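Oh and the sequence shown: position 77 is 75 in this note's numbering, straight run, nothing missing. Quick reminder that beta carbons are idealized off the backbone N, C-alpha and C, glycines included. Note that the structure is predicted; figures quoted are calculated from it, not measured. Report on the following structure.
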Amino acid sequence: MSYIWLTRILLFAVVLVAARKGGEPERLTAAVLLSTFVLDLVNHAVFGDPVWYAVNPGHVVIDSWAFCALLSIALYANRGWPLLVGAGQMIVMVGHVAKLWDLTMARRAYWVLTQMPFLLQLMVLLIGTVAHMNRERRIGPYQCWRWA
-1 MSYIWLTRIL LFAVVLVAAR KGGEPERLTA AVLLSTFVLD LVNHAVFGDP
49 VWYAVNPGHV VIDSWAFCAL LSIALYANRG WPLLVGAGQM IVMVGHVAKL
99 WDLTMARRAY WVLTQMPFLL QLMVLLIGTV AHMNRERRIG PYQCWRWA
């Protein structure tokens, strides 16, 4: 239970910092991570609590959407940290594929592969936002996106 509350408190704190102090890539990444949290709540309200001995289709859909969104941000942002957030989401997708491939995969391993990268993503977003704030203070406003 403490993991759930730690994650929620950290999510809201990091989203608040990114929304107030971050550039567009930080705000978009925060919006994607917050959206996955809200969509997960809706998923559980509609379909019930997850069972870790089978793949949850709602989680697969939410995580696939998040992977596409985070990958797009990572490819075009004028920063390096979004690649780590996208890599965290790739770990989540690998967890779903591994569970689909082998349904006897241990429940704890599936949970770790699909839930723990979220903390990594939040920490990377926070570090990226702080780096953006420092860079902007040091050199002033700069280009958020690279289009080449």
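Legend entry - Boundaries (first-last residue) of the alpha helix (DSSP H) holding W3: Looking at the DSSP string, the run of the alpha helix (DSSP H) that includes W3 is S0 to K19.
Legend entry - Inter-stretch contact (C-beta, 8 Å, three-pair minimum) for the stretch 61 to 80 and the stretch 39 to 51: Segments in contact, no.
Legend entry - Alpha carbon of G56 to alpha carbon of L73, nearest angstrom: Taking the straight line from one Cα to the other gives about 26 Å.
Inset, instruction - Could you check if A16 is buried or exposed, using at least 16 other CB atoms within 10 Å of its CB as the buried criterion? - result: A residue is called buried once 16 or more other Cβ atoms fall within 10 Å of its Cβ, and A16 is buried on that count.
Legend entry - Start and end residues, alpha helix (DSSP H) containing Q119: Per DSSP, Q119 belongs to the alpha helix (DSSP H) from P115 to I137.
Inset, instruction - Could you check what DSSP says for A75 in three-state terms: helix, strand or coil? - result: In the structure shown, the three-state DSSP call for A75 is strand.
Inset, instruction - Mark E22 as exposed unless 16 or more other C-beta atoms lie within 10 angstroms of its C-beta, in which case mark it buried. - result: That one is exposed.
Inset, instruction - Compute the distance between the beta-carbons of V83 and P115, then report whether it is under 7 Å. - result: Going by C-beta atoms, V83 is not nearer than 7 Å to P115.
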